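Numbering follows the numbering used here, with no gaps: position 198 of the first sequence is 896. Notes follow once the structure below has been shown.
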Amino acid sequence: MDAHQERQDKREGFRQAGHDPYPVGSAWKGRTPIATVAAGDADADPPTTVLVAGRVTARRDFGKVMFLDLRDASGRIQLYLQKKRLPEDRFTTFRDNLDLGDFLGVTGELGRTKTGEITVFATDVELLSKSMRPLPKEHFGLADTETRYRQRYADLAVNPETGARFRARSALVSDLRAFLTGLDFIEVETPTLHPIAGGATARPFTTHHNTLDLQLYLRIAPELYLKRLLVGGFERVFEIGRNFRNEGLSPKHNPEFTMLEAYWAYHRADDWMAATEEILEQLAIRHASVARQDGDAETSVRRGGDRIDFKRPFARRTYAELVAEYADTNIFDPASVLAAAERLGIEAQGKTPEKLIDAVFSATVEEHLVQPTFVTEFPIEMCPLAKARPEDPRVGDRFELFVAGMEVANGFSELNDPADQLARFEAQVAVKDEELPGEVDHDYIRALSYGMPPATGIGIGVDRLVMLMTGVETIRDVILFPLLRPVAVGDDEPAPTGTLDGDAVGNGVGNINGTGNGTS
RNA sequence: GCCUCCUUAGCUCAGUUGGUUAGAGCAACGGAUUCUUAAUCCGUGGGUCCCAGGUUCGAGUCCUGGAGGGGGUACCA
């Protein structure tokens, strides 16, 4: 008999004893979080009565008495079940049919065991949900990376550091939002279904809308919509949302990822650099403690063998001087760039000049940008949506922030000259590259032609930021359900058969038409 | 896409130059046990060694192909 059959028998055992294995359980709505109970007065006389609920994660059985560990989102507490303190037959039913992983609701008195441990001495216990599959053993954890990603629920259930990392992510995103709203930015939501995939260079996912018989793209960036809002008079806007790029997977890339984009009228790229280093320094102080060791500065994180310090100000280096330093190349001299590509074994054939420069930069400079560094003054050809710098029109008024060799943010002074923008769009379309838009976004040009105030915009890769702050080296560790190739899953829990009004069927058939909880 | 490494019980892992019936801990099952906490003690069951071929007297182990995953690389503002 396999483990699943044993649990089916136990579930039936609960039913036979009059316990619904899947009750609505609302009596525990008023339960106290376990951490709060555990911090309560265990020595009160008379003892405090408490209600707790959670998952059973350990069991120590003494025949007529039983210790359980109960865990909820806030923490863990020990339960003490004793036959004579519980209602008739309750102890026997639970002793015989309880499994690790089951959810219980418990009423009890807060007290201490002989060893002094704060414990809930149960006076009543209810099964709140039966677990039909053994969780990985808590003590050994779940180490297999594939299982942790495919079955994140199991990873979260047994590996506390996983849950902690995603709570840190949530808190960090809240802070990002609070920082911007504190500067009077307003948060907006723009379309993710785009008729033209613009605002970045990337291969898009395609999809189709039936009623309009329309080919659509999942957005590769929200940029062009957010700037339309600048035209409309929103002077400070931001969006936090998902972008989709149909490209390879790597420790730094997931096909869908979270981007913060923010646009700030009457400011220029320099202003975003200053604001960004302030934000990141604060985030490091507040959310990166798990990535630090004793004695590290409060603004620093560890990554591999490196200690990265987010203390302001960050380094500022121009693109040209970095390429000169690490590749001994003059980016403004095509012959010099070509020679560098040859030295580095980069295939120049079929690459536009700016792509070739970028390839040289990636191969030689990126790995050296470990400490937070703003790279500035990108060649203007690499900035199709940015203004040129008035001091040197060969370069855009643009920066990228690199940390640990990763691009974390990208910002510039936004091009608002409609004629210039149209010319650059037309040049992109002429290249006929899968990663460039296939047609000019004339509506965007029309918007610009109404007049867009001078402004600066920034995009921050939220997943990568969370990686840095939580000290992990793969993006899959900060995305709850990273993309994996699907595999067939066996069905070991057949739907109940027989009469539909039998007790064993319960309420399971009420939703068979597929109406979920969503609004419609 | 290419290179490379990994895949053994529910989980974490052993498994020698190819050699008897593939092991351990935890989990599970039966029993004992009224203060344990990785409880303890006695006993039991549990395997598509990722899949399919091949070599061999004999394959978890060697070879070929495939699948899934990790890393690298390519691609990637």
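We put the CB at the ideal spot given by N, CA and C, even for glycine. All values reported here derive from a predicted model rather than from experimental measurement.
Query, Result
"What do you reckon, are the CB atoms on THR888 and TYR915 nearer than 7 Å?", "no"
"For ILE775 and LEU978, I'd like the C-alpha separation in whole angstroms.", "37 Å"
"Return the first residue and the last residue of the beta strand (DSSP E) that PHE1097 is part of.", "1096-1101"
"Just to confirm, are LEU808 and THR746 a CB contact at a threshold of 7 Å?", "yes"
"How many Å lie between ASP873 and PRO1070 at the Cα?", "20 Å"
"Can you give me the start and stop residues for the alpha helix (DSSP H) that ALA1125 sits inside?", "1116-1129"
"Between the Cα of ARG810 and those of LEU802, VAL735, ALA866, spot the shortest distance and give me the residue it belongs to.", "VAL735"
"Across which residues does DSSP place GLN913 in a beta bridge pair?", "HIS906"
"With a threshold of 6 Å on Cβ separation, who are the neighbours of GLY939 within its own chain once the five nearest residues in sequence on each side are excluded?", "none"
"Check the C-beta distance from GLY711 over to ASP794 and give it rounded, since I have them as a contact under 8 Å.", "6 Å"
"Is it a yes or a no for the segment 980-995 touching the segment 1105-1116, going by three-plus beta-carbon pairs under 8 Å?", "no"
"For the alpha helix (DSSP H) that ARG793 lies in, which residues bound it at each end?", "788-795"
"For a test of the three-state rule: what should DSSP assign to TYR923, helix, strand or coil?", "helix"
"Counting along the chain, where does the alpha helix (DSSP H) carrying TYR1142 start and finish?", "1140-1148"
"Name, in chain order, the residues that DSSP records as bridge partners for TYR720.", "BP columns for TYR720 are empty, so no partner."
"Quick check on this structure: which residue in ARG848, PRO1091, ARG753, ARG758 has the alpha carbon closest to the alpha carbon of ALA1186?", "ARG848"
"Going by DSSP in three states, HIS985 sits in which element: helix, strand or coil?", "helix"
"For LEU766 and ALA756, which I take to be in contact (beta-carbon distance under 8 Å), what is that distance rounded to the nearest angstrom?", "7 Å"
"Drop a sphere of 10 angstroms on the beta-carbon of ASN1211, count the other beta-carbons inside from all chains shown, and report buried for 16 or more, exposed for fewer.", "For ASN1211, the predicted model reports a pLDDT of 39, less than 50, meaning its position is unreliable; a value from the coordinates is still stated below. Answer is exposed; the Cβ neighbour count stays below 16."
"If we call anything under 7 Å between Cβ atoms a contact, is ALA866 one with THR1172?", "no"
"Measure the beta-carbon distance from LEU854 to LEU802 and round it to whole angstroms, keeping in mind my assumption that it falls under 8 Å.", "No, LEU854 and LEU802 are not in contact; Cβ-Cβ is about 19 Å, not under 8 Å."
"Mapping DSSP to helix, strand and coil, what is GLY1196?", "Interpretation of GLY1196 is limited by its pLDDT of 42, a score under 50 that renders its predicted location unreliable; the figure taken from the coordinates is listed afterwards. Residue state, collapsed to three classes: coil."
"Can you name the start and end residues of the beta strand (DSSP E) that LEU1067 belongs to?", "That residue, LEU1067, is in no beta strand (DSSP E); it is neither H nor E in DSSP."
"How would you write the range of the beta strand (DSSP E) that ASP1007 sits in, first residue to last?", "1004-1007"
"Assuming VAL1058 contacts ALA1039 under a Cβ cut-off of 8 Å, what Cβ separation, rounded to an integer in Å, is found between them?", "6 Å"
"Going by DSSP, name the residue or residues bridged to GLY1159.", "MET957"
"Could you give the distance in angstroms between the alpha-carbon of ALA876 and the alpha-carbon of PHE883?", "9 Å"
"Short of 7 Å in beta carbon distance, which residues of its chain neighbour GLN1119, apart from the five on each side in sequence? Order them along the chain.", "LEU1113, ILE1143, LEU1146"
"Return the CA-CA distance between LYS1009 and LEU777, expressed in angstroms with no decimal places.", "46 Å"
"Could you spell out where the beta strand (DSSP E) holding GLY806 opens and where it closes?", "801-810"
"Using a 10 Å radius around the Cβ and a threshold of 16 neighbouring Cβ atoms, would you call PHE1179 buried or exposed?", "exposed"
"When you compare only the Cα positions, how much space is there between GLY1196 and PHE903?", "Bear in mind that the predicted position of GLY1196 carries a pLDDT of just 42, short of 50, making it too unreliable to give a figure here."
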